[in-house]
Structures are given as structure tokens and as C-alpha cells.
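Student: Quick one: structure below, then a few questions.
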Amino acid sequence: MVRRRLGFWRRFAVMTVKPMIRVLTRRTWRGMEHIPAEGGVIIVVNHISHADPLAVAHYIYDAGRWPSFLAKSGLFEVPVLGYLLKEVHQIPVRRGTTDAVKALEAARAGVRAGEAVVIYPEGTTTREPDLWPMRGKTGAARLWLDTRAPMIPIVMWGPEEIYDPRSKKLKLFPRAQVTIVSGEPLDLSAWADAQPTAQVLNEITEHIMLHLRDMLVEIRGGSAPPLWTPKRPVQRPEEQAA
1 MVRRRLGFWR RFAVMTVKPM IRVLTRRTWR GMEHIPAEGG VIIVVNHISH
51 ADPLAVAHYI YDAGRWPSFL AKSGLFEVPV LGYLLKEVHQ IPVRRGTTDA
101 VKALEAARAG VRAGEAVVIY PEGTTTREPD LWPMRGKTGA ARLWLDTRAP
151 MIPIVMWGPE EIYDPRSKKL KLFPRAQVTI VSGEPLDLSA WADAQPTAQV
201 LNEITEHIML HLRDMLVEIR GGSAPPLWTP KRPVQRPEEQ AA
């Protein structure tokens with residue numbers, strides 16, 4: 001169904017991104033059956049590289065859904081790219097400002113309209129030294145409390161071989177081995193009747209991040225460290241939304 005409703009700019013994006021990812025990566029993809037075929041859904045993803053949005057977009061598209069990412073607003077100000085992002089229905093986030101609330105309003109509307117909204121709960125590429133998940137922001141938790149839509153966790157490992165945020169080095173060849181795995185919808189029933197207090201939002205966010213971390217262990221191996229807390233300026237609650 002998604003392929004018949006794409007329109008010109010979405011088809012253009014598909015024709016641009018898919019061949020690029022196929023050339024740059026060798027792919028191991030599992031768990032697509034956990035992504036609902038229709039209806040509003042929140043997809044939470046670990047963020048390890050500036051290259052991973054393209055990989056996970058390809059994955060979600062091949063699972064049969066069109067991904068609408070919450071993306072930093074600066075991308076929408078880039079000539080041509082900004083226009084394309086708007087045309088393919090991505091959602092700008094002005095981080096660290098009250099405008100982040102507007103992004104959540106757009107995300108909420110998207111979920112209620114039956115879209116697949118993709119959120120990086122960390123809000124940026126992880127600052128954890130070995131690229132394990134760090135503590136997240138509360139945007140995904142707020143969106144779930146507002147919509148109660150299924151929340152699907154996705155983890156990946158491999159895009160950092162293309163662009164490593166620690167060294168800021170781009171490496172296009174040899175092809176990177178990229179593994180992406182979806183899990184079953186997160187069980188958030190413990191907060192079924194909860195109100196969006198600071199404690200509840202933090203509890204849900206930690207639950208999300210620990211689940212992503214544990215899923216990542218399965219594809220990375222080794223032992224995961226505790227969630228790492230980045231140094232960041234104190235923000236008002238409304239500024240932590242996304």
C-alpha cells in the first residue's frame with residue numbers, strides 16, 4: 001500500500017537512498033514482522049552515526065511503512081535538502097527551545113493519523129565513548145502517553161563504520177556490515193494509567209533506553225555498561241520534550 005501512495009518526492013527519495021545504501025552496506029536485517037503493517041506507531045531507535053538515519057529509513061520502508069523522522073531543524077534550512085525533507089513529511093525539531101513542543105504536536109498528529117513516527121530517544125548521536133546508548137530525553141515517553149500507540153524498538157550496529165562520530169571520519173569502502181533488528185512492541189503496561197509527571201516520564205524513558213541497550217548487546221556482543229549521562233545544560237521540562 002505504501003508504495004502505491006508515494007507521490008513524486010517520496011519516490012525520488014527512495015530512488016536516491018536505496019541504491020546508495022545497497023552500494024555502501026552489506027545488510028543483516030531481522031524482525032521486520034514486528035512493525036505493524038498499518039496504523040499509528042512510534043518507532044524508537046538507538047543513534048550511533050549520522051549515517052544511520054538512511055539505513056533505518058531503508059529498513060522501515062522495506063518493512064512496508066513510510067518513516068517520518070523527528071530531525072534537527074538545521075537540516076530543514078539546507079537548500080534543496082530542506083525542501084525535500086518537508087515534501088517527504090519529516091518533522092523538524094528545534095532542540096533546546098520551546099519549539100520542541102511543536103515538534104511533539106506534529107508527531108502526535110502523525111501517529112493519530114496512522115503514520116510511523118521515528119524518534120531517537122537520545123536526541124542526538126550517543127556521546128557514550130563506545131557508542132552504547134546513553135540516557136534519553138523524554139520526547140518518546142511523552143508521545144506514548146499522549147497516543148498510547150504501539151512503540152517498536154529498533155537497534156542497529158554498523159553505520160558507525162561509514163561515519164564514526166568520535167573520529168568524524170567518513171569511510172565509504174569497503175562496504176560496512178550493517179545489522180538492524182526490530183523487537184516486539186515495548187511493554188509499557190506499568191504506566192497504563194499514569195499521568196505525565198517528571199517521575200513517570202523519566203521512568204518510561206529509562207525503560208526504553210535499557211531495552212534498546214539490551215537488544216544491542218545481542219548484535220554487538222560483550223557486556224553493556226550502565227546508561228551514560230551526557231553533560232548538558234539544565235533545561236526546562238518543555239525543552240526536554242524532543
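Under full-length UniProt numbering, think of the first position of the sequence shown as 1, with each following residue one higher. Don't be surprised by glycine CBs; every beta carbon is placed ideally from N, CA and C. The structure presented is a predicted model; accordingly, all values stated were derived computationally and were not measured.
Inspect the beta-carbon positions of L210 and N46 and report whether they are closer than 8 angstroms.
Tutor: no
Student: From this set, G123, I42, P53, which residue's C-alpha is nearest E115's C-alpha?
Tutor: Considering only alpha carbons, the answer is I42.
Student: With a threshold of 7 angstroms on Cβ separation, who are the neighbours of G222 within its own chain once the five nearest residues in sequence on each side are excluded?
Tutor: none
Student: Could you spell out the range, first to last residue, of the beta strand (DSSP E) harbouring K72?
Tutor: 67-72
Student: Is there a Cβ of chain D sitting closer than 8 angstroms to that of A176, yes or no?
Tutor: The structure shown contains no chain D, having only a single protein chain.
Student: Consult DSSP for Y59 and reduce its assignment to one of helix, strand or coil.
Tutor: DSSP places Y59 in helix when its eight states are reduced to three.
Student: Is there contact between the region 50-67 and the region 157-166, where contact requires at least three CB pairs shorter than 8 angstroms?
Tutor: yes
Student: Using only the alpha-carbon positions, how far apart do I208 and R30 sit?
Tutor: The straight-line gap from Cα to Cα measures roughly 19 angstroms.
Student: Return the chain-ordered list of same chain residues with a C-beta closer than 6 angstroms to the C-beta of P237, the five sequence neighbours on each side being excluded.
Tutor: In this prediction, P237 has a pLDDT of 44, which is less than 50 and means its spatial position is unreliable; what the coordinates show is noted afterwards. Hits under 6 angstroms: none found.
Student: Please return the same chain residues whose Cβ sits closer than 6 angstroms to the Cβ of G110, not counting the five positions on each side in sequence.
Tutor: A distance below 6 angstroms between beta-carbons, with the five flanking residues on each side excluded, links G110 to the following residues of its chain, in chain order: S68, V117.
Student: Quick test of your reading: P133 and L227, contact by CB under 8 angstroms. State the CB separation rounded to the nearest angstrom.
Tutor: 7 angstroms
Student: Decide if R22 is buried, meaning its Cβ has at least 16 other Cβ atoms within 10 Å, or exposed.
Tutor: Flag for R22 reads exposed.
Student: Can you list, in chain order, the stretches of the alpha helix (DSSP H) that have 4 or more residues and sit fully within the region 127-214?
Tutor: List check, alpha helix (DSSP H) in window: 139-147.
Student: So for V78, helix, strand or coil by DSSP?
Tutor: coil
Student: Which first and last residues belong to the beta strand (DSSP E) in which T125 is found?
Tutor: In the DSSP assignment, T125 falls outside any beta strand (DSSP E) and carries neither an H nor an E.
Student: Under the rule that 16 or more other beta-carbon atoms within 10 Å means buried, what is E122, buried or exposed?
Tutor: buried
Student: Measure the C-alpha to C-alpha separation of R213 and G7 and round it to an integer number of angstroms.
Tutor: Using only the alpha carbons, I get a separation of about 36 angstroms.
Student: Under 8 angstroms between the Cβ atoms of I180 and V56?
Tutor: Their beta carbons are under 8 angstroms apart, which means I180 touches V56 by this criterion.
Student: If distances are taken between C-alpha atoms only, which option among I48, I35, A71 comes closest to R127?
Tutor: I48
Student: Quick check on V41: does DSSP put it in helix, strand or coil?
Tutor: strand
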